[in-house]
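The sequence shown maps to residues 1145 to 1655 in the numbering used here.
Glycine is no exception: its CB is placed at the ideal position from the N, C-alpha and C atoms.
So the structure is just underneath, and the comments pick up after that.
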Amino acid sequence: MLIKEGITKWLLLILVSGILIGFLLTLGGNKVLSYTSTDEYCQSCHVHPHADDSWKKSVHYWNESGTRVSCVQCHLPPKGTFKHLSAKTRTGLHDLYAFYFKDSSQYQWESKRQLEYAVKIVFNESCLNCHKDLFPKGLSTEGGTAHLYYEQKAEKLNLQCINCHLDAGHYNPDYKHEKMTGIPVKKGNQVLFSLPAIVTNFENYKEFIPGTSIAFNMIAVNGGSFNMGSSENKFSKSDEGPVRNVTLSPFFMAEVEVSWDAFWTFYGSTMSEGRIDPNKIIEHNSNNPDAISGPTPPFGIPDQGWGSGDRPAITMTHYAAHTYCQWLSKVTGKKYRLPTEAEWEYTCRAGTKTDYFFPGNPGKYSSSSFHNKIFGIDTTDINTFAVYKQNSGGKTQEPSFVKANPFGIKNMSGNIMEYCSDWYAADAYSQTGKNISNPLGPVSGTEHVVRGGNYTSEAIDLRSSARSKTDSEMWLKTDPQQPKSLWWYSDIKGIGFRVVCEANSSLTFKN
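This is the structure:
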């Protein structure tokens, strides 16, 4: 009996002690959670320059209501959930490791301001936890249309609030989600060209756009035969085969992508002030090339605040690029167009038969390779010729950033994806024979071929044979207009184009 009473007392003591310890741990844990969730604590570890200043300039800090949103309200799921604790533990350990073991001077801060990174560290459920009414009093008609579209398409298109409100938590003067007004003006003394280039021989020439100070180099690309595509290997994709022997006639290819200076000139000469029915624009441009209708004003700042000038023009649609070629043909008297996919790959390869026109292969340059993570990567060659994820700094670069390929053409790999004239089909190569001349691609389709990879691409996507395609619905998912823009994409940055000039029309052109 005494033994049983003793056991009972011990069990009672253990139970009470457990409850007390649990209470103290809970109390202490809550205090730790509360302390490590303050803005001051977050900023003691996060060393992103201007993060605090940009937060204090944002509508989440400085607004009419006087409400201030803290770091964890955006960068963690709502409190009181297991997801909140899980995310806090995971991100906390990651941030502590980065703080003590990484060199912050090596961070690409510009890339951490971009949407592609922001969607990983901002939780949409936290946005909706505060903004419970998406149709509040005073919301504009345009805002109501955009929020209704969000409710209808959010799940299908993986839409997040931050897709349209990137600067809500950290003010960015280079970000605008509204219709652009005005055109960036090229400054300085300008010599205006009176005549376009006169081309009488098949050789490199400099084109001049009459009435402007815009000039660009065109490279004479001799015709020839090459093996287009890639045989099946660990780096290739299924749409890159079967390999075909393709023969091409001579053509001229632009040394660099169409620049902002050139595109803004086109925009200023042809822009459409209002919303025009796309079918009427297409019919008008096709039947009357002497009166070309150009883009309506875009939403936001198309150059992303990275600068205009010689930097490649981006975010325009395939139709806008095609219309630019129509306009350029009209003002120069030559036949300019988008390159065919075959012309693009032939020029990119520049006589080589390997993965790249420069030394190396995707395995050598892979940032995910265990060997490369341990021993590092010799990126000298790829960094010399390509702008991609590892050296771009999170944005496009000017032509001077890289050297030309053996044909004398720059940025065929990386910087921006480039439109081709072909419709895309995964089995396009199998639709023709093994030997073909001047292929134009499928006769119809829903999306167009894009080539080259861009500033966010991994090395594997820079291969000369790598193919990709437009994704119009996803690239227009946050365009607030109905119908969606015919001219500008709202959700893709690294897309642009370069032009080809047909050799025959150029050689017969006389001024």
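In the DSSP assignment, F1370 forms a beta bridge with V1390. If you draw a straight line from the Cα of D1566 to the Cα of I1553, it comes to about 21 Å. Rounded to whole angstroms, the separation of the alpha carbons of P1317 and D1196 is 15 Å. DSSP places C1308 in the coil class of the three-state scheme, outside both helix and strand. For I1580, the enclosing beta strand (DSSP E) begins and ends at 1579–1581. Shortest Cα-Cα distance from S1437 to any of M1415, Y1293, A1570, V1531 involves M1415. Remark: three or more beta-carbon pairs, one from each stretch, lie closer than 8 Å, so the region 1623–1640 and the region 1438–1452 are flagged as touching. Counting of Cβ neighbours within 10 angstroms places N1582 among the exposed residues, the total staying below 16. Counting only the Cα atoms, R1455 lies some 14 Å from A1359.
If you check the CB distance, S1374 and S1609 come in under 9 Å. I1458 sits in coil when the DSSP states are folded into three classes, being neither helix nor strand.
For P1386, the closest C-alpha among the options H1592, S1588, Q1575, V1191 is that of Q1575.
In the three-state scheme derived from DSSP, where H, G and I count as helix and E and B as strand, W1567 is classed as strand. In chain order, W1567, Y1568, A1569 place their CB closer than 7 Å to the CB of G1589, counting only its own chain and leaving out the 5 sequence neighbours on each side.
In this structure, V1644 sits near F1396, with a CB-CB distance shorter than 9 Å. Nearest to A1603 by C-alpha distance, out of G1585, N1555, Q1534, is Q1534.
Look at Y1633 here: in three-state DSSP terms it is coil, with no helix or strand label. When DSSP reads this structure, N1302 sits in no beta bridge, so it has no partner. Under DSSP, R1595 shares a beta bridge with E1562, R1611. The Cβ atoms of Y1490 and G1368 sit closer than 9 Å to each other. In this structure, the beta-carbon distance from K1232 to L1220 falls below 9 Å. When only Cα atoms are considered, S1536 and N1559 end up about 8 Å apart. Within the model, the alpha-carbon separation for C1492 versus V1263 is close to 33 Å. Under the DSSP definition of a beta bridge, K1323 partners with F1443.
Unbroken beta strand (DSSP E) runs of no fewer than 3 residues, entirely contained in the region 1490–1549, are not found. Annotation: the continuous alpha helix (DSSP H) that includes I1265 extends over 1259–1265.
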